[in-house]
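Position one of the sequence shown corresponds to residue 0 (numbering that gives the first Met the number 0), numbered consecutively onward. We put the CB at the ideal spot given by N, CA and C, even for glycine. Only a predicted model underlies this, so the values are computations on that prediction, with no experimental measurement involved.
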Amino acid sequence: MSHPPEKFPLHDGLGLDFLDDLRSGRGGSSRTVRNYRQALGRFVLWLRRHAANPRDPSLPGVDWKALRPVDLREYLQTFAEPDARDPRAPRLKQLGLRPLSRASVLLHLSAIRSFFRFLDRRKGLEIAAIQGLASPKRPRRLPVFLQEGEVERLLEAPLTMKRPRYAPWQRWRDRAILETLYGCGLRVRELADLRRRDVDLVGDTVRVFGKGARERIVPVGRFAAHAIRSYLDLRGGLRGEEFLFAGRGGARLGVRGVQRLLKPLLRHAGLSMALTPHKLRHSFATHLLDRGADLRSVQQMLGHRRLGTTQVYTHVTADRMKKAYDAAHPRAKRRGI
0 MSHPPEKFPL HDGLGLDFLD DLRSGRGGSS RTVRNYRQAL GRFVLWLRRH AANPRDPSLP
60 GVDWKALRPV DLREYLQTFA EPDARDPRAP RLKQLGLRPL SRASVLLHLS AIRSFFRFLD
120 RRKGLEIAAI QGLASPKRPR RLPVFLQEGE VERLLEAPLT MKRPRYAPWQ RWRDRAILET
180 LYGCGLRVRE LADLRRRDVD LVGDTVRVFG KGARERIVPV GRFAAHAIRS YLDLRGGLRG
240 EEFLFAGRGG ARLGVRGVQR LLKPLLRHAG LSMALTPHKL RHSFATHLLD RGADLRSVQQ
300 MLGHRRLGTT QVYTHVTADR MKKAYDAAHP RAKRRGI
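Structure, rendered in structure tokens:
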């Protein structure tokens, strides 16, 4: 898959060594490597032009040992969503740069910290600038999910929507994609990367390679298993190494392909066009917890490294329980007290 040209190419030798280490030694995903490369490239560009003691931009690399805490703080503050009236904004516009969201600032800080740890561990360079630097807090957003009735409407859409040019196997492919996203709680990229050999329709499980190439086994429900079988029967036998979900020519459907096929199905189901395939993963977790699944099992099925990442769904279910209690219990609303 080709990617657009880099806006912030990285020419620093130590930075490139770090990315090689991340890619080969630490099993970083291609997306993580690409994001970290852009983050470091942007940081290096800023240091060479706008730090207190800038280097000649024509010179390669950065003198990392000379970096001061104030340089790092100023860099992060400069790009953290300046208001249009902020004096930093014209400076960004002059550079052809955009402000960074809080999530992007956190990503940049994570990339820089990982890079400095690499310098310390592999190159014997201890960078004092990172010491004591606090991370900005990420705002807690509750996951957006579909109600069970909305999920049902969406899952029916591939088979009920009129699409004269669609072959029966394509209808069942789309149905199987939605059933697998919702029934297994997969990330879209995990689904797009599935190969035929990863799906066990005898044991009703699927083998998934998640972030950091971590492998997990996830149960496949009977509706998802039925949809996959129907799709495979109509499509014809796929070899084990072939991608499970493919287009007409047999090429991998890909993340964008899954995103594109969802739009007309949302319209047909009468749902918001802003919904993404990832919301089916949110719905999977929320509905499991609503029906009494234990948090640790949900964590394992989602492939979260930390239980705290999964706990955000408990806030969703707690809010729903409170609303149900307030609406139904005769002594829930304490009027006049």
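- Item | Where residue 216 falls: helix, strand or coil (DSSP) | The three-state secondary structure of residue 216, taken from DSSP, is strand.
- Message: At 4 residues or longer, what runs of the alpha helix (DSSP H) sit wholly inside the segment 240-295?
- Response: Fully enclosed alpha helix (DSSP H) runs of 4 or longer: 253-268, 277-289.
- Query: What separation, rounded to the nearest whole angstrom, lies between the Cα atoms of residue 326 and residue 319?
  - Reply: 11 Å
- residue 275 and residue 299: beta carbons closer than 8 Å? no
- Task: With a threshold of 16 other CB atoms inside 10 Å of the CB of residue 71, please say whether the residue is buried or exposed.
- Result: buried
- Compute the distance between the beta-carbons of residue 278 and residue 145, then report whether it is under 8 Å. yes
- Message: Please state whether the Cβ-Cβ distance between residue 284 and residue 152 is less than 8 Å.
- Response: no
- Message: By the three-class DSSP mapping on this structure, what secondary structure does residue 205 have?
- Response: Strand, per DSSP.
- Contact between the segment 167-183 and the segment 304-322: three or more CB pairs below 8 Å? no
- Item | residue 68: first and last residue of the uninterrupted alpha helix (DSSP H) it sits in | 68-78
- Message: Is it the case that the segment 36-50 contacts the segment 60-68, given that we only count it when at least three CB pairs across the two stretches are under 8 Å?
- Response: The way I'd put it, the segment 60-68 does touch the segment 36-50; three or more beta-carbon pairs between them come closer than 8 Å.
- Alpha carbon to alpha carbon, how far is residue 29 from residue 179? Going by C-alpha positions, residue 29 is about 24 Å away from residue 179.
- Message: Would residue 34 and residue 99 qualify as a contact pair, given that the criterion is a beta-carbon distance under 8 Å?
- Response: no
- From residue 216 to residue 190, what does the alpha carbon distance come to, in whole angstroms? Residue 216 and residue 190: Cα-Cα distance of roughly 13 Å.
- Run the CB neighbour count on residue 56, radius 10 Å, all protein chains shown included, and call it buried at 16 or more, exposed below. Residue confidence for residue 56 is low, a pLDDT of 47 falling below 50, so the modelled location carries little weight and cannot support an answer.
- Query: Which of the three DSSP states, helix, strand or coil, is assigned to residue 190?
  - Reply: helix
- Message: Which residue wins for smallest C-alpha separation from residue 103, given the options 248, 65, 75, 260?
- Response: 75
- Which value, in whole angstroms, describes the spacing of the CA atoms of residue 280 and residue 183? 8 Å
- Message: Could you give the first and the last residue of the continuous alpha helix (DSSP H) run that contains residue 230?
- Response: 221-234
- Near residue 51, which residues of its chain fall below 6 Å by C-beta distance, leaving aside the five closest residues on each side in sequence? In this prediction, residue 51 has a pLDDT of 48, which is less than 50 and means its spatial position is unreliable; what the coordinates show is noted afterwards. Nothing meets the Cβ criterion.
- Item | residue 57 - DSSP class collapsed to helix/strand/coil | Per-residue confidence for residue 57 stands at a pLDDT of 45, beneath the threshold of 50, marking its modelled position as unreliable; the derived number appears in the next sentence. Of the three classes helix, strand and coil, the one that applies to residue 57 here is coil, per DSSP.
- Item | Secondary structure of residue 99, DSSP reduced to three states | strand
- For the segment 156-166 and the segment 206-213, state whether three or more C-beta atom pairs, one from each stretch, are separated by less than 8 Å. no
- Message: With H, G and I counted as helix, E and B as strand and the rest as coil, what does DSSP make of residue 104?
- Response: Three-state result, residue 104: helix.
- Message: Considering only their Cβ atoms, is the gap separating residue 229 from residue 171 smaller than 8 Å?
- Response: yes
- For residue 264, which residues from the same chain have a beta carbon less than 8 Å from its beta carbon, with the 5 sequence-adjacent residues on both sides left out? 153, 156, 157, 160, 173, 177
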